[in-house]
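>
There are 2 protein chains.
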Amino acid sequence: MGDLIGAVVESELYHIRRADFERVARLNASAPAIGALYADMARLNALYMIAKAGSGHIGSSFSALDIVTYLYLQEMKGPGDVFFSSKGHDAPGLYAVLIAQGVLPEEKLHVLRRLEGLPGHPDIHVPGLVTNTGSLGMGVSKAKGMVESARAKGEAARIFVMTGDGELQEGQIWESLVSAANRGMDEITMIVDHNKFQSDYAVSKTSDLGDLGAKFASFGWHVVRVDGNNHEALKQCFEDLRGVSGIPKVVIADTIKGKGVSFMEGTSIDSDVDMFKFHSGAPSADQYQRAVEEIESRIAEKLAELGAEPIKVAVEDRPKIIPPAGEQKRLFPAYTKALLAQAAKRKELIALDADLILDMGLIEFRDAYPERFIECGIAEQDMVSQAGGMALTGMLPVVHSFSCFLSTRPNEQIYNNATEETKIVYVGGLSGVIPAGPGHSHQSVREISALGGIPGMVMVEPCCPEDVAPLFDWCVDDHDGPSFLRLASMPYATSAAPPANWRPRKGEGYEVRAGKDGAIIAAGLLGVAEALNAADILAKRGLEIAVIALPWLNVIDAAWIADVAARYPLIATVDNHYRTGGQGTMVLAAIAEHAKARPRCVSIGLEAVPPSGRNDEVLAATGLDGASIARRIESLHGA
Amino acid sequence: MGDLIGAVVESELYHIRRADFERVARLNASAPAIGALYADMARLNALYMIAKAGSGHIGSSFSALDIVTYLYLQEMKGPGDVFFSSKGHDAPGLYAVLIAQGVLPEEKLHVLRRLEGLPGHPDIHVPGLVTNTGSLGMGVSKAKGMVESARAKGEAARIFVMTGDGELQEGQIWESLVSAANRGMDEITMIVDHNKFQSDYAVSKTSDLGDLGAKFASFGWHVVRVDGNNHEALKQCFEDLRGVSGIPKVVIADTIKGKGVSFMEGTSIDSDVDMFKFHSGAPSADQYQRAVEEIESRIAEKLAELGAEPIKVAVEDRPKIIPPAGEQKRLFPAYTKALLAQAAKRKELIALDADLILDMGLIEFRDAYPERFIECGIAEQDMVSQAGGMALTGMLPVVHSFSCFLSTRPNEQIYNNATEETKIVYVGGLSGVIPAGPGHSHQSVREISALGGIPGMVMVEPCCPEDVAPLFDWCVDDHDGPSFLRLASMPYATSAAPPANWRPRKGEGYEVRAGKDGAIIAAGLLGVAEALNAADILAKRGLEIAVIALPWLNVIDAAWIADVAARYPLIATVDNHYRTGGQGTMVLAAIAEHAKARPRCVSIGLEAVPPSGRNDEVLAATGLDGASIARRIESLHGA
């Protein structure tokens, strides 16, 4: 424990002011000594931001922070010098440095993952950030585009682009290396934050990348290797690189995930066995305290060694977390159970995952059926085409990832599989606009439009835990083709439930609340819950609005919708998805085509890229909360 | 000239019967001698199929045929032995061998690219074909899935998967190599048909892949190199490979694109300069004659050397080509002109291409602005993210590929760019169901659904050459965000034309034919032309149907559609696209939401994966020809 602030208190959070960073940067000491101290100060602030936000990527922020600090303090001095992180998970660490450097206003320290604050992944609307990242593998390609621009304008450019090591599993990385070498792009320095861990496990355990240096060299890049948490070594490395021209450069930086807090460090666990615990999420209060103590002690020691004044850290009350009202229902436990039940019945069922075993509820499956679990790493295209090969040869693949990635990265591969008319179940997690903290790279609000037009593809979304097994079973047992199970990951309060002994009928919904003045048609945990909230609000204003849960996202039964249209004078659709091409578009088109009755219709959904923020803030901002939905319906009813 | 058939006559086509292949396979000669002869016989038949079909990939069929022949005659004898081509372009050569082997019925020789015949790219509905290919880069992934299935079932498997060399520019290839090595998949032998040319130019000129052997070795594969047109060498190579276990194997087969016909061979041109002329398309009658003479001579010589009876080739009349009626309008010359005009005005305009410079009408642009033309190779994800980097730094990228690839392979990358709210124009060629010869991997009928939901994205499609420049100019000058210009590549007769001095107004169409009994709303060269044909047919039956060209694919103006809905008792939408998520879905949803009037509505479009075939056959089979459209409308009107 350092002597900076006295005891670390559970009800408090701590950060270092910008003035202290400025003072430290001016100390009469070696650049590496200052760099190491500065990086630790940024670690404390990154931890502050994450603890205050309630989520964020500690592991990668900490592994990368020495490199980021080195680049901003020592390397990036020219007008065309640019740094960005392709993985983007390390945003809190980067923000801490940008705030310390005065690129970002100091007050932004307090608004990580808040509306109008700092998004969970980089976005160009934040000063100092040059490109949107968080979707992996795009960084070198983007850097190349920036170099082409600079060359076209005759301007200087040095682009430092950081990637993860797990990120190197994405094919786009290797795709992008080729022309950088052919075009002699020495303007690019790629830095692999080689912290040896990815989302769940060690890279070597997930999908071992073997000899990275040989790979990059074979693609025509100049390769150097460095201890990425050592400021002396970083200085030597980047100084040497200035002499290398005519060829793009890659720095394989050996780092430690969670570097700087002993119990968070990847090296503290058995990399052959253990899951890394600090990839995302927030530390517990106890973990936070212990981490602060460690970092502070080191800062105090370093300051003392340099003969500098101690830092008086700023203290803030830890924000009270108000738990959301009502019982928070979760879909994933129900999914895990449904998957295990089908696996017990069908020995041909095989599950594929792309480095999200924990989030996708697959740990029990892997432990029960290790021979039928294929961990593909962050390689969605490869995963989906593997599933295609399996399905052609008698297996029943169930393919898992976050929806934002699964519906888009392997889009052509899913279509190719569909042209083979095989049965494959795609299961997408983290669907919808919340959790809103991670920002638009992870908010999946485009699946229906991205995949819904594929012939034979049926997309379904449960609105409550009770719906999960019937819908998954329908995909497995009743449907002869590809399907997509869209699952919300965020727990949410809902009173929605299917009728007793409900059996899904393709294209048909069920009423979860009666009403005569109109009906809201919606899908999913959030969509139906907020539709019900809207109906509650409207009931108080004298409008009786029914709520219909329609689990079918891209298939609407003609007779069913004609009947629904005949029963209500007003129909509103609510999409936890972009309005264009969402379920509402499908419902409204079906009404126009199949219904004799013609109710007033309105479709409610996202109109623009959703912001990052606290869930309640973002729902209100995007009009997806019950109050906003109620206002829209009331205005239409009155019109 | 051989003595097999006498003079080669311009009005005739020639092929070799299966019985002759069987006889040759039984000759008392060395396996390599038989293999070389058999491959040449298959070349003659592949050429026959392509000449009869009027299109097909000669270059890669010929480069790969010695390998394919070797595998089927000598190597693939086990129950789990499987061959497929990941590139799929070499289908005619493969079909020729499968017919010779009796896997495919002999009569299929005559129906390449015909409905119910042999599709332009492989499809599992054809006996002997195990997976659908033609979308590049998926082969090794699919092979891995097949291996996992075999392992799960305890069955033997040897998967021989052929790729192109240009295909290695796709990131998925490298993504797929990693786990094959980690899982010790010695069941897989990848064969690179290293013929040094891709669609347009030499691989080295397009996007040089450098040292292939070093690359594969660095990914943990066992690498061998062989003369892929030499049967002795192939025998030695594959025999040696049987001794290699515990590691996946790659054969880098040096081949000659167009091998076997001197003037078609890649080695006959300057690979630093010249475009390869025989990638796809059909030979001219003269080229066909000369090619047949060469191949026949060699077959005759080889037979004579082996002391075998000559072959009497079968002679068929060359099918008469009936040119389609009416002046065939082309969109691409108008596009090239529009692009050049904008490039002259805007020095920030930069064009990117993915190995389709000829098809995408870019040769003039490249010659006029070489410093603003970026050839990306077959690397759509990299291309799109490069465009993102350029757009962020002040350039105006115009990104080109076939729509089938551009809308799907870089789907997440296009979305990522869109979240940056930059202006990028995506231009997709080969859009729609025709040309129907290449089959579903190339028939792009899913762009609107795949991309239309992206916020800010505006998709437009001209229905005549006159519309091209106004719409492209709108994307460049008037729209502040991403846009997608969907272009048909197939020339088509149409009488559609915009009003004099037409200026595009977002979301609004224009009438190309008046009528009071209903209206067809359609987009594109084919869609509007066939809508007009339908209106002609219906006029003869007393129905006056208007035709409205609506160039906006995913954006419908509310007031405009309300007005249209008020003017017609019946509205039919026609999509050269899947019905679900197509323009029709957008139009119908807009009617339900915005129109007070409620016309009868029907949406017409593709309901299933379209077949490969002759254009007229496929239009009739999919209900997109005027006659089918007219029937649908008449039945609805009468209902």
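Read top to bottom, the protein sequences are chains A and B.
Straight run, no breaks: the first sequence in the numbering used here ends on number 1573.
Straight run, no breaks: the second sequence in the numbering used here ends on number 1573.
Note that the Cβ used here is the ideal one computed from N, Cα and C, for glycine as well.
1. Would you mind listing the beta strand (DSSP E) stretches within the region 1237–1274 of chain A that are 3+ residues and don't spill past its ends, in chain order?
2. For the beta strand (DSSP E) containing Leu1286 (chain B), name the first residue and the last one.
3. Can you pull the chain B neighbours of Asn1163 (chain A), defined as C-beta to C-beta under 9 Å?
4. If you run the structure through DSSP and keep just helix, strand and coil, what is Ala1114 (chain A)?
5. Starting from Asp1497 (chain B), trace the alpha helix (DSSP H) both ways and give me its first and last residue.
6. Tell me which residues share the same chain as Ala1030 (chain B) and place their Cβ nearer than 6 Å to its Cβ, disregarding the 5 neighbours each side in the sequence.
7. Comparing alpha-carbon positions, which option in A:Gln1132, A:Val1112, A:Tyr1135 lies nearest Arg1149 (chain B)?
8. With a 10 Å radius around its C-beta and 16 neighbouring C-beta atoms as the bar for buried, classify His1059 (chain B) as buried or exposed.
9. Quick check: is the beta carbon of Met1080 (chain A) nearer than 8 Å to any beta carbon in chain B?
10. So what does DSSP say about Thr1067 (chain A), is it helix, strand or coil?
11. By alpha-carbon positions, which one of A:Ala953, A:Leu1032, A:Ser1537, A:Lys1087 ends up nearest to Glu1305 (chain B)?
12. Relative to the ligand HEM, is the shortest distance from any of its heavy atoms to the C-beta of Asn1345 (chain B) smaller than 7 Å?
13. Taking Ala1524 (chain B) as the reference, give the member of A:Gln1221, A:Arg1047, A:Ser1537, A:Phe996 with the closest Cα.
14. Which one of B:Ile984, B:Cys1535, B:Ala1483, B:Gly1260 has the shortest CA to CA distance from Ser1218 (chain B)?
15. Starting from Leu1183 (chain A) and walking both ways along the beta strand (DSSP E), at which residues does that stretch end?
16. Can you confirm whether Gln1517 (chain B), when its beta carbon is compared against all beta carbons of chain A, has any partner nearer than 8 Å?
17. With respect to the beta strand (DSSP E) encompassing Glu946 (chain A), which residues constitute its N-terminal and C-terminal limits?
18. Which runs of the alpha helix (DSSP H) at least 4 residues long sit entirely within the region 979–1004 of chain B? Give them in chain order.
19. Span of the alpha helix (DSSP H) holding Ile1125 (chain B)?
20. In the DSSP assignment, find the unbroken alpha helix (DSSP H) run with Asn1510 (chain B) in it and report its ends.
21. Compare the Cα-Cα distances from His949 (chain A) to each of A:Tyr982, A:Ala973, A:Val943 and report the closest residue.
22. Which bits of chain B does Cys1310 (chain A) rub up against, with CB to CB less than 8 Å?
23. Given this structure, state the Cα-to-Cα distance separating Ala1288 (chain A) from Leu1070 (chain B), to the nearest angstrom.
24. Does the region 1181–1200 of chain B come close enough to the region 1173–1185 of chain A that 3 or more CB-CB pairs lie under 8 Å?
25. Under three-state DSSP, which class holds Arg1092 (chain A)?
26. Buried or exposed, going by whether 16 or more other CB atoms sit within 10 Å of the CB of Glu1314 (chain B)?
27. For Ala1034 (chain B), which residues does DSSP report across the bridge?
28. Output the distance between the C-alpha atoms of Ser1378 (chain B) and Ile1471 (chain B), rounded to the nearest integer angstrom.
29. For the putative contact between Cys1397 (chain B) and Thr1353 (chain B), defined by C-beta atoms under 8 Å, what is the C-beta separation to the nearest angstrom?
30. Just checking: is the beta-carbon of Met1329 (chain B) within a distance shorter than 8 Å of some beta-carbon in chain A?
31. Contact criterion: CB-CB distance below 8 Å. Does Trp1108 (chain A) meet it with respect to chain B?
32. Quick one: residues in its chain with C-beta nearer than 6 Å to the C-beta of Gly1516 (chain A), no 5 flanking neighbours on either side, listed in chain order?
33. With 16 as the cutoff for other CB atoms within 10 Å, does Ile1587 (chain A) come out buried or exposed?
34. If we cut at 8 Å on Cβ distances, does Val1249 (chain B) have a partner in chain A?
35. Helix, strand or coil for Trp1155 (chain B), going by three-state DSSP, please let me know.
36. Closer than 8 Å by beta-carbon distance: list the chain A residues that pair up with Leu1143 (chain B), in chain order.
In short, the structure shows the following:
1. 1248–1251
2. 1283–1287
3. Those within 9 Å of Asn1163 (chain A) in chain B number zero; the least Cβ separation is about 26 Å.
4. helix
5. 1492–1501
6. Ala976, Asn979, Ala980
7. Position check: residue 1149 (chain B) holds Lys in this sequence, whereas Arg was assumed. Out of A:Gln1132, A:Val1112, A:Tyr1135, A:Val1112 has the C-alpha closest to the C-alpha of Lys1149 (chain B).
8. exposed
9. yes
10. coil
11. A:Lys1087
12. This structure lacks the ligand HEM, and indeed carries no ligand of any kind.
13. A:Ser1537
14. B:Ile984
15. Here residue 1183 (chain A) is Lys; the residue named in the question, Leu, does not match the sequence. Residues 1183–1188.
16. no
17. 946–949
18. 992–1004
19. It is not in any alpha helix (DSSP H) - Ile1125 (chain B) instead sits in the beta strand (DSSP E) that spans 1122–1128.
20. That residue, Asn1510 (chain B), is in no alpha helix (DSSP H); its beta strand (DSSP E) goes 1504–1512.
21. A:Tyr982
22. Ser1113
23. 21 Å
24. no
25. strand
26. buried
27. Answer is none; Ala1034 (chain B) lacks a bridge partner.
28. 28 Å
29. No, Cys1397 (chain B) and Thr1353 (chain B) are not in contact; Cβ-Cβ is about 31 Å, not under 8 Å.
30. yes
31. yes
32. Ile1382, Asp1509, Gly1539
33. Only positions 935 to 1573 of chain A appear in the structure, and residue 1587 (chain A) is not among them; the question remains open.
34. no
35. coil
36. Val1112
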